[in-house]
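**Student:** Have a look at the structure that comes next, please.
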Amino acid sequence: AQDQVLKMATTTSTDNTGLLDYLAPFFKADTNIELQWVAVGTGKALELGKNCDVDVLLVHAPDSEIEYVKAGYGVDRKQLMFNDFVIIGPKKNPAGIGGSSVAEALKVIESKKAKFASRGDNSGTHKKELILWENSGIEIPDKEAWYIQTGQGMINTINIAAERDAYTMTDRGTFIKYEANWKGDPPLDILVEGDAMLRNQYSVLAVNPKRCENVKYDLATKFSDWMTSAKAQKLVGDFKLLEKQLFIPNASE
Amino acid sequence: MGYISEGFISALHLLSSGNVETYSAVFTTLKASSLSMSGSLLIGIPLGFLLGYFEFPAKRHARAVVDTLLALPTVVVGLLVYAFISRRGPLGDFGLLFTVPGIAVAQMVLVIPIVISLTATAIEGLDRRLRLNLLTLGARGKQIALTSLSEARYAVLAAAVTAYGRAISEVGISMMIGGNIKWHTRTITTAIALETGKGQFAMGIALGLVLIFLAFAVNWALSVLKRKTD
Amino acid sequence: MGYISEGFISALHLLSSGNVETYSAVFTTLKASSLSMSGSLLIGIPLGFLLGYFEFPAKRHARAVVDTLLALPTVVVGLLVYAFISRRGPLGDFGLLFTVPGIAVAQMVLVIPIVISLTATAIEGLDRRLRLNLLTLGARGKQIALTSLSEARYAVLAAAVTAYGRAISEVGISMMIGGNIKWHTRTITTAIALETGKGQFAMGIALGLVLIFLAFAVNWALSVLKRKTD
Amino acid sequence: MNKKDCIYRLYDIRQAYGGRDVLDIPEICIEKGKSIGLSGPNGSGKSTMLRIMAFLETPLSGEVYFNEKKVNGDEPALRNQVTLLLQEPFLLKRTVFDNVAYGLKIRGISENLKDRVNHALRSVGLYPEEFAHRRWYELSGGEAQRVCLASRLVLRPKVLMLDEPTASVDRRSAVMMKEAIASIRQSYETTLFIASHDLIWLNQVTDIVFRMYEGRIVGSGTENVISGPWHPDKDGLWARELGDGQKIIVTQPEKDTSVAILDPTSIIISLEKPAEISAQNILQGKILQMNMSSDPEKVELHIQVARFSFTCIITRFAAEELNALPGLDIWVIFKATSVSWQ
Amino acid sequence: MNKKDCIYRLYDIRQAYGGRDVLDIPEICIEKGKSIGLSGPNGSGKSTMLRIMAFLETPLSGEVYFNEKKVNGDEPALRNQVTLLLQEPFLLKRTVFDNVAYGLKIRGISENLKDRVNHALRSVGLYPEEFAHRRWYELSGGEAQRVCLASRLVLRPKVLMLDEPTASVDRRSAVMMKEAIASIRQSYETTLFIASHDLIWLNQVTDIVFRMYEGRIVGSGTENVISGPWHPDKDGLWARELGDGQKIIVTQPEKDTSVAILDPTSIIISLEKPAEISAQNILQGKILQMNMSSDPEKVELHIQVARFSFTCIITRFAAEELNALPGLDIWVIFKATSVSWQ
Ligand SMILES: Nc1ncnc2c1ncn2[C@@H]1O[C@H](COP(=O)(O)OP(=O)(O)OP(=O)(O)O)[C@@H](O)[C@H]1O
Ligand SMILES: Nc1ncnc2c1ncn2[C@@H]1O[C@H](COP(=O)(O)OP(=O)(O)OP(=O)(O)O)[C@@H](O)[C@H]1O
Ligand SMILES: [Mg+2]
Ligand SMILES: [Mg+2]
C-alpha cells in the first residue's frame, strides 16, 4: 500500500532540537504513516491549521490553544510534554540577578534599566515572557530603550542579547544548543531557573474535520494516540541533546 | 570569523561525502529553479519584447509598474500565492501548497517582472536601424521578435542570469509555500535558514557555498555557450 | 484570499492613520536603502564600466564570477557580514552590528554584483562605433566612461532600478545584521516577516503594500526623469 | 496621368516630423517595371518618400495605392513584395551568408538557398568563398554596403528600392551593381526606385530621375533647380545673387522662396561674351565635367558659375563647334522667361 | 624620402585581421601641411591605414613616428592633435549642438563655444538656427554626415583625417566642404588625409592621391591599376582577359596575381583602329566622362573598355583634334612594356 502522509505544523523548537527527526521513523515503523512537518512560529502554525493546510498541530501556547479549540478550529487537544524556560544573562551579570524567583529578577532588571532582549514575535516563548512581566506586576516596557524587541527566533535573540550584554528568556533546549555552539563556554549563563512559572507545555491538536473536509483526521488521531502512548512518551523522555534531557513527558497528567 | 573557514571545510565535506540531506536539498533547489525559470522565460521574454518594442500611450506607466514589481519582497509573494493556493483559497484544489511546483509558481511571480523589465531594456537598447531593416526584409510578428531577441542576446541572457540568481537565492517563498519539509520541499536556502535559526552558522555558510557552487556551474556553462554564439 | 482584501484595507489605514510603528519602519527602510544604493552605485557602476568596456584575458571568468554573486542568498550575505562586524569579528570596533549603516553595508554586498553585471551588459551593448568616435574626438579615461554611461543611460538606469528592488525587498540581511529591533532597525520587510511569523497574514500583506507603494513612488519619479533626458 | 498599370499611385501624400513638413506629393503614378531615380539635396525628402512607399512609415495624410489597391492595414503582407535598401548600411549580428539568406529564410524558401545567396554575393562583386563565412564586423565599409544590397537582390522583389546604394562603393563595384540591377529588371520585371547623389550613375540605371527639393518633386531629368531667395530687380524682373557679383534674373516668382526650374536644353553656351542679345542672363563659368547624355546625339556639360553648378545639354555638333573641353571658360546664356516655377 | 618636416613617418607597417593581411606599408613620409588623398577599391585598406595613423588601432608590426617622435604609449595625448571622421557616421545621443561641442568641451574649451560650433555648422552648410537644437535622430543621412564633419572641423586639429566624407552628401555641400577644408588648411596649416571614391572631388582637395590596392600603396595620382589573374600568352607575354574577348597584354609579371600600374599619360587614343602599330594593346572602348586635370593644359578621360574603366590624360590640343566627346567610340592603345609592377 502507498505510504500515507500526515502533514503537521509545529513550532521551531521541536524541529530545531531534532526531536521530530528522532520520533518520525518510530512513528512510521508503527503506523506506516509518513510524518511531514512545517516548522514555523506558533501563531503561524495555528493560522495554517485555520486554513486547513495541515492535518495536525504540535504547539506550545496553552492559552491560545484553548481559545483555538473554543473557536472550533481545532479538536482533541492533548498535552504531551513540557520543558522549561530559563533567564540568561551576561557572565558579569551587571544587574546582579539570580536565584529562582522570576518576579524578583524582572523587577531588578526593570529598576536598573538593564538591557533585556525580547523575541517580540508572538511566539509561544514571547507570549510566556509577556505573562511573566504581567505576573511580576510590571507593565510591558514596549518603548523603553533597554527593552530590545528583536522580532526574531530564539537563537538570533540570544545572539543579539550576547552582542548587547542583555538578559533574555529562552527555552532550555535552545540554550543547550547555544552552549554547544560555543563549545561549552558561551558569553551568557543561566541565571534564573526552576520557577514553577517557567514551565513550557507542548500539546497536540487535530485540525477540526468539520471545518476542513480535506484533512486526514483519522491519521491525525493516530498520531496523537501514538504520541500519548507509553512507548512514545518513553521515547520523548529518552531523547537527549548533547547528553542532556530536554523534554519531560506528561501526557498522563 | 571562525565559522567562515569552518563553513568552507564543511562545504567540501558535504559535497564529497555525498551527504544525502544536502543532495536532497540540491535536487529540490534545482527542480524548483528549473521549473520556475522555464516558466518565467517563456512568459517574461515575450512580454518584455512587447513592452520594449512597441510604443503605446501607457508605456511609461506600464514600465513603472513592472519596475515596481521588482521590489516585491519574497515574503509578500509567498503570502499572496499562499492566499490563492491554500486549501481555502480559490486554487486550493490543485494541492500546490507544500510542493515543489507550488514553489516554482510563486518564484515565477517573483522573477517574471525581472525578466520583463530587463528584456524590455535590452530590446529598447537595440540599434534603431534594426527595426526598419527587419520590416523591409519582410519579417513579421514572431520573426521580428525572434530576430530582435537574438540581436540582443547578451542582454537577454543577462536578464535570465539575474532572474536565475534571484530565484535560486530566495528563501521567503520556499519557506512559505514549500514549508521546508525535509526530503520533500527543503531547498538549499530554507536549509540555510533552518541551520542559521539553530545557530549553526558554519553549516549555514557551508550550504551557502554549495549554492554558490551550483550557481557558478550554471554561469560558467552559460559563458561557454555565450562564447560559442559570439 | 480574505487576507488580500483585509490587507488592502489595513494598508490604507496604516498609512492614513499615521501609525507610528509603520512610519518608523518606513523611515528605517528608506534610510538603509538610500545608503546602500548610493554606495552600490558609486562602486558598482565604475566597476561595471571597466568589466564591460575593456577586453582582458580573464574577462569571461570575471563575468561568470560576478554573475554567480547574483545568486548570493541574503542569509549567507548576512552571515558573512555578521562574521566581520560582530564584536568578535575583525571590524567589531566600528559597532555596525544592529545599526542601519550596518544593514546598508551588507545590502551593498548583495547589490553591487547586480549593478556591476547589468552595467557591464549595458556597456557591452553600446554601438561599436561609439568607442572609436570618442577616442578620435580626444576623450580619455573618465570622459570615455562618463559619455559611454550617458549613452547607455537607460540600461544603466535599469540596473539601478533592479538593484533598488533587490535592496528594498530583501529581508535576510536586515534581520541578521539589523536585528529587527523595534523602533531602531525594524524595516518594512523584517516587520512583514515578523507579522507573518505571528500568523498575522493580513498585516503582512498590508506592510507589503506599503513597501510596494514606496517602490512605485520611486519608479514613477524615475520614469518622469527618464522622459526628461529623452 | 495614365491610370492603367500603375504599380504605385500616391495622392496628396504629406509627411511632417516634429512639426516640420518634409514631404508633399500631390499626385503621382509609377508604371510597373519602370526604374525611377530620385535626386536632390540632403534633406529634400528622398529617404522619407522611399520609406513611405516601402510601407515602413505611414504618411500624415494622403493615400497610397499599390497595384491599384488602396494600402490600408495590409502593409505587412505587401512588405514581402517590396524591399528597401536603407541609406545607412546595417547587418544582423551573424555571418555574411546568414545575412543574405535571412529574407529567404523568413519567406520559407530553402530550395537552392546556397546557390541563390552565392549568386547574389557574386552579383555585387563579393566572392562567396572569401566572404560568405565572414562575420558582420569583418568587412570594410563598402563591402558591408554591398552585402546589404545582396540581401535585397536575393529576394527578387516586385519592387526594389535603393537609398544611396553607391555611397562608399568603389567604381568597379558600381559598374557591377549597374549590371545586377539591369539583370534583375530583365528577369523579374522589377520596378526600381533609386535615390542617389551620383547623377551619372543614376542616369545609367533609371528611366527617369525625379528631382526633389524641400519635400516636393520639382522636376525630372537633369533640370537645374534654382532656389531663392529672390528679390525684385529692375524692369519688374527678379534676381538671385550668386555671391560673386553675378546674378540670375527671372520673371516674377510666386514667393521670394519659390524654386525656379531651368531646362538644361534651354541654355546656350558661348565662348565670347555676346554683345547685343535679348537674353537677360549672361553668366561667366567654367566647364567642370562632360558626360554622356541619355540622347546619344547630345552631351551633358556641368558648368560651375560661382558656387553654383549648372547642367546643360547641347548637341554633339555644338560641342564640337565650341571645342568644349573640361576647364574651358565659357558663357552661360538663358532668358529670364525660360524658367518655370515649382 | 626627405626626413625633415615629416609629420608622419611609417616604417614597415603591417596589419592583419583574423589572419588576413590587410595592410603593408614599407616606408612613407608625410610632410606637414600636405593634403593626402587615398583611393582604391573597397577593402583595399584605406580605413585601416587611417585608423592606424589616428592611433585608434595598433598595427601588428612596424613603427609610426609622429612629429619625428616614435609613437609608443603616448597615443592618448596625441589623439588631441589628430582627429578622424570615421566612415560610418555616428552621433552621440544628444542635440546637434552638443555633438559638435563635445570635442571642445572635453578639451576644456568654453570660450566662444557657441560661436565656434555655429561657425563649424555653417561651414558644412547647416544653418545653426535650423539644426543646432535638433536631436541626433532628427536628421537626414547627408545632414548627419555633415554634423559629424562639423564636430571634427570645430576642433581645428593638427591632422584631420576624413574617411569618405562626401558619401551621401549632396553636390552643393560637397563644394562647401571643399571650401571648408581649404579654409582650415590655410588658417591652421592642418595636415589632411582624405579617403574617397569620388576621385574628381578628391583631386580638387588634395595635393597627391595615393592609390591603394590590397593593403599596399600601388601608385599615386590617377594611375590605372590592373589586377590579375595573368596568364601566359604568346611570345613570352602575359595577358588578362577582359571578359568580352579583348585582353590586356603585358610583359611577364612576378606572380600571376601581381598588380600592373599603367600611367594615364602613356595611353594613346585613336578614332580608327590603327593598322600597323607596334603596341600590343589596341582595345575598343567608349568615352564615358571628361574631366579637368590638375594640369590646366590637359584633360582627363574616363574610357570604358569591357567592364574596365581606364583613365587617360591627353592634352587639350589632342582632345580638340579628336573631337573627343562623351559617348564617342575610340581605341585605347598602349605598349605591353608601359606597365610597371607593384
Ligand atoms: N526622425 C526625424 N525627425 C525629424 N526630422 C527628420 C527625421 N528624419 C528626417 N528628418 C528631416 O526630414 C527631412 C527629409 O529627410 P530625408 O531623410 O527624407 O532626406 P533625404 O532627401 O533622404 O536626404 P539625404 O540626401 O541627406 O539622405 C530633412 O529635413 C530631415 O532633417
Ligand atoms: N574587423 C575586421 N575584421 C576582419 N577583417 C576586417 C575588419 N575590418 C576590415 N576588414 C577587412 O580588412 C580589409 C581592409 O578594410 P578597410 O576597411 O581598411 O578597407 P577600405 O579601403 O576602407 O574599404 P572601403 O572602401 O570599403 O571603405 C578588407 O578586406 C576588410 O574586409
Ligand atoms: Mg536620405
Ligand atoms: Mg573604408
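Residue numbers (this note's numbering), protein chains in the order written: chain U, 2 to 254; chain A, 111 to 340; chain V, 111 to 340; chain C, -16 to 325; chain P, -16 to 325.
A virtual CB, placed ideally from N, CA and C, is assigned to each residue, including glycine.
1) Considering only C-alpha positions, which residue in the set A:I222, A:V185 and A:V130 is nearest to A:A269?
2) In whole angstroms, what is the alpha-carbon distance linking P:S276 and P:P309?
3) Give the secondary structure of U:Y74 by DSSP, where H, G and I count as helix, E and B as strand, and everything else as coil.
4) Going by the C-beta, is P:N25 closer than 7 Å to any heavy atom of ligand 2?
5) Just by C-beta distance, which residues in the region 189 to 201 of chain A are closer than 7 Å to chain U?
6) Could you check what DSSP says for P:I244 in three-state terms: helix, strand or coil?
7) So with Cβ pairs under 8 Å, would you call A:L247 a contact of chain C?
8) How would you call V:D203, buried or exposed, if buried means at least 16 neighbouring beta carbons within 10 angstroms?
9) Run through DSSP, which three-state label would A:I298 get?
10) Take every Cβ of the region 116 to 133 of chain U, pair it with every Cβ of the region 70 to 80 of chain U, and state whether three or more of those distances are shorter than 8 Å.
11) Do P:S22 and P:R194 come within 8 Å of each other at the CB atom, strictly closer than that value?
12) How is the alpha helix (DSSP H) around C:D98 delimited, first residue to last?
13) I want to know whether the region 300 to 317 of chain V touches the region 2 to 20 of chain C - three or more CB-CB distances under 8 Å.
14) If the cut is a Cβ gap below 8 Å, which residues of chain A does V:V281 touch?
15) Per DSSP, what kind of secondary structure is U:E145 in: helix, strand or coil?
16) By DSSP's criteria, U:A10 is part of a beta bridge. Which residues make up the other side?
17) If you measure between the beta carbons of U:L58 and U:V208, is that distance less than 8 Å?
18) Report buried or exposed for C:T41, applying the criterion of at least 16 other Cβ atoms within 10 angstroms of its Cβ.
19) Determine, for P:P193, whether the minimum Cβ-Cβ distance to residues of chain V falls below 8 Å.
20) In this structure, what does DSSP give as the bridge partners for P:C131?
21) On the criterion of 16 or more Cβ atoms from any shown chain inside 10 Å, does C:G91 qualify as buried, or is it exposed?
22) Identify whether P:P215 lies in helix, strand or coil by the three-state DSSP scheme.
23) What are the boundary residues of the beta strand (DSSP E) that includes C:W314?
24) I want to check one thing, is the minimum distance from the CB of P:A157 to the heavy atoms of ligand 3 below 7 Å?
25) Indicate whether U:K116 and U:A167 have their beta-carbon atoms separated by less than 8 Å.
26) Nearest CA to the CA of P:H116: which residue from P:W324, P:I209 and P:T78?
27) What would DSSP say about U:Q202, mapped onto helix, strand or coil?
28) Using a Cβ-Cβ cut-off of 8 Å, state whether U:I34 counts as contacting chain A.
29) Identify, in the order they occur along the chain, each residue of the same chain with its Cβ nearer than 6 Å to the Cβ of U:V60, setting aside the five sequence neighbours on each side.
30) If distances are taken between C-alpha atoms only, which option among C:L(-7), C:K15, C:I(-10) and C:S30 comes closest to C:E197?
31) With distances taken from CA atoms, which of C:Q229, C:G228 and C:W213 is nearest C:A222?
32) Does the distance between the C-beta of C:K29 and the nearest non-hydrogen atom of ligand 6 fall short of 7 Å?
33) Below 8 Å on C-beta distance, what does A:E261 contact in chain C?
34) Quick one: does A:A255 have its CB under 8 Å from some CB of chain V?
35) Tell me which residues of the region 57 to 86 of chain P have at least one Cβ-Cβ distance to chain V shorter than 9 Å, keeping chain order.
36) Leaving out five residues before and five after P:I164 in sequence, what residues of the same chain have Cβ atoms less than 7 Å from its Cβ?
**Tutor:** So, to answer that:
1) Each of A:I222, A:V185 and A:V130 was checked against the Cα of A:A269, and the nearest Cα belongs to A:I222.
2) Roughly 16 Å between the two C-alpha positions.
3) U:Y74 carries a coil assignment under DSSP once its states are collapsed to helix, strand and coil.
4) Yes, the beta carbon of P:N25 sits closer than 7 Å to at least one heavy atom of ligand 2.
5) From the region 189 to 201 of chain A, only S196, R197 and R198 have a Cβ closer than 7 Å to chain U.
6) In the structure shown, P:I244 sits in a strand (DSSP, three-state: E or B).
7) So, interface residue.
8) Per the 10 Å Cβ criterion, exposed.
9) A:I298 falls in the helix class under three-state DSSP.
10) Contact fails: fewer than three Cβ-Cβ distances are below 8 Å.
11) In this structure, P:S22 lies closer than 8 Å to P:R194 by Cβ.
12) Element bounds for C:D98: L96 to S106.
13) The region 300 to 317 of chain V, when compared against the region 2 to 20 of chain C, does not touch it at the 8 Å Cβ threshold.
14) Correct list: P183, T184, V185 and G282.
15) In the displayed model, U:E145 falls within coil according to three-state DSSP, outside both helix and strand.
16) According to DSSP, which records beta bridges pairwise, U:A10 is partnered with U:V39 and U:L58.
17) Cβ atoms of U:L58 and U:V208: closer than 8 Å.
18) Classification of C:T41: exposed, given that the 10 Å Cβ count is below 16.
19) Here residue 193 of chain P turns out to be Phe, not Pro, going by the sequence shown. Answer no: the Cβ-Cβ gap between P:F193 and chain V never drops below 8 Å.
20) Note: P:C131 is not bridge-paired with any residue in the DSSP secondary-structure output.
21) Exposed.
22) Reduced to three states, the DSSP call for P:P215 is strand.
23) Counting along the chain, the beta strand (DSSP E) containing C:W314 begins and ends at D312 to F317.
24) Answer for P:A157: no, Cβ out of range of ligand 3.
25) Yes, the Cβ-Cβ distance between U:K116 and U:A167 is below 8 Å.
26) Closest by C-alpha distance to P:H116, out of P:W324, P:I209 and P:T78, is P:T78.
27) DSSP places U:Q202 in strand when its eight states are reduced to three.
28) No, its Cβ sits nowhere closer than 8 Å to a Cβ of chain A.
29) T12, T43 and A46, listed in sequence order.
30) It is C:S30.
31) C:A222 has its Cα closest to that of C:W213, out of C:Q229, C:G228 and C:W213.
32) Summarising the ligand content, the structure contains ligand 1, ligand 2, ligand 3 and ligand 4 and does not contain ligand 6.
33) Residues of chain C with a Cβ closer than 8 Å to the Cβ of A:E261 are, in chain order, L75 and K76.
34) Not an interface residue.
35) Legend: CB atoms of the region 57 to 86 of chain P lying less than 9 Å from CB atoms of chain V belong to residues E58, P59, A60, R62, N63, Q64, V65, T66, L67, L68, L69, E71, P72, F73, L74, L75, K76, R77, Y85 and G86.
36) So the qualifying residues of the chain are L175 and V188.
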